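Asker: Residue numbers (UniProt numbering): 1 to 207. Sharing a structure, written as structure tokens. Questions coming.
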């Protein structure tokens with residue numbers, strides 16, 4: 001995403017590029033604060049500061065950057081940021097090279113909105129795992145409801161496929177490497193139950 005935005009707006013796209021909403025700016029400010037003061041105030045180290053700022057941006061920042069945009073906190077006519085203006089078809093394809101192929105597989109449209117929904121799935125799974133919460137009964141997608149107005153949930157298998165889909169959208173070689181080296185599919189096949197565990201010689205079940 002950074003490379004695609006840099007190609008269109010320049011390396012410091014977050015300063016000289018498109019209008020960003022307040023949430024995005026606040027997240028950038030937090031990333032800036034995590035850079036050591038001695039580094040950020042040294043003009044000789046501008047390149048290092050820029051690289052550190054981008055590296056400090058968390059998954060939530062990049063996910064939010066694919067949202068529709070929102071209030072900027074400044075006066076009209078620059079009071080609203082529209083992220084569809086940032087993510088043109090060309091820039092989306094530059095950032096997500098496998099986008100069109102994956103959208104076709106899912107009968108989706110290769111739009112910012114579709115990409116945002118796919119990235120949000122992976123972000124929700126990542127948050128669940130980072131907080132050491134269980135996946136046995138799946139995980140919820142915050143703010144999303146099914147046709148019965150019940151919080152929408154994905155299974156662990158669907159979460160894994162969401163990760164693989166995003167990998168294919170970003171880089172098919174990355175996806176191939178993950179498919180070859182990941183142990184997750186094998187773990188999903190045995191599942192955390194006594195019957196599945198009993199088939200594994202190194203697995204111990206609780207009474």
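C-beta: ideal position from N, C-alpha, C; glycine also. Source: prediction; values computed, not measured.
State the Cα-Cα distance for the pair residue 6 and residue 40, rounded to the nearest angstrom.
Answerer: Here residue 6 refers to the residue found at position 6 when the chain shown is read from its first residue. Here residue 40 refers to the residue found at position 40 when the chain shown is read from its first residue. Residue 6 and residue 40: Cα-Cα distance of roughly 21 Å.
Asker: With 16 as the cutoff for other CB atoms within 10 Å, does residue 85 come out buried or exposed?
Answerer: Position 85 of the chain shown, counting from 1, holds the residue named residue 85. Classification of residue 85: exposed, given that the 10 Å Cβ count is below 16.
Asker: Between the beta-carbon of residue 166 and the beta-carbon of residue 122, is there less than 7 Å?
Answerer: In the chain shown, residue 166 corresponds to position 166, counting from 1. In the chain shown, residue 122 corresponds to position 122, counting from 1. Yes; because the gap between Cβ atoms is below 7 Å, this pair is in contact.
Asker: State the DSSP-derived secondary structure class of residue 142, mapped to helix, strand or coil.
Answerer: Here residue 142 corresponds to residue number 142 of the chain shown, with the count starting at 1. Of the three classes helix, strand and coil, the one that applies to residue 142 here is strand, per DSSP.
Asker: For the beta strand (DSSP E) that contains residue 153, what are its first and last residues?
Answerer: For the purposes of this step, residue 153 is taken as residue 153 along the chain shown, with counting starting at 1. Here the beta strand (DSSP E) through residue 153 covers 151–154.
Asker: Return the CA-CA distance between residue 35 and residue 109, expressed in angstroms with no decimal places.
Answerer: What you label residue 35 is simply residue 35 of the chain shown in a count that begins at 1. What you label residue 109 is simply residue 109 of the chain shown in a count that begins at 1. Rounded to the nearest angstrom, the two C-alpha atoms are 38 Å apart.
Asker: Among 3, 9, 71, which residue has its Cα nearest to the Cα of residue 25?
Answerer: As a first step, residue 25 is located in the chain shown; it is residue number 25 there, counting from the start. When each option's Cα is compared against that of residue 25, the closest is 71.
Asker: Have a look at residue 180 and residue 48 and give me their C-alpha separation to the nearest angstrom.
Answerer: Stepping through the chain shown from its first residue, residue 180 is reached at position 180. Stepping through the chain shown from its first residue, residue 48 is reached at position 48. Approximately 35 Å between the Cα atoms of the pair.
Asker: Let me check understanding here. Comparing Cα to Cα, which of 69, 67, 29 lies closest to residue 54?
Answerer: Within the chain shown, the letter at position 54 stands for residue 54. The shortest Cα separation from residue 54 among 69, 67, 29 belongs to 29.
Asker: Is it the case that the Cβ atoms of residue 135 and residue 156 are separated by a distance below 7 Å?
Answerer: Locating residue 135 in the chain shown gives position 135, where the first residue counts as 1. Locating residue 156 in the chain shown gives position 156, where the first residue counts as 1. Cβ atoms of residue 135 and residue 156: closer than 7 Å.
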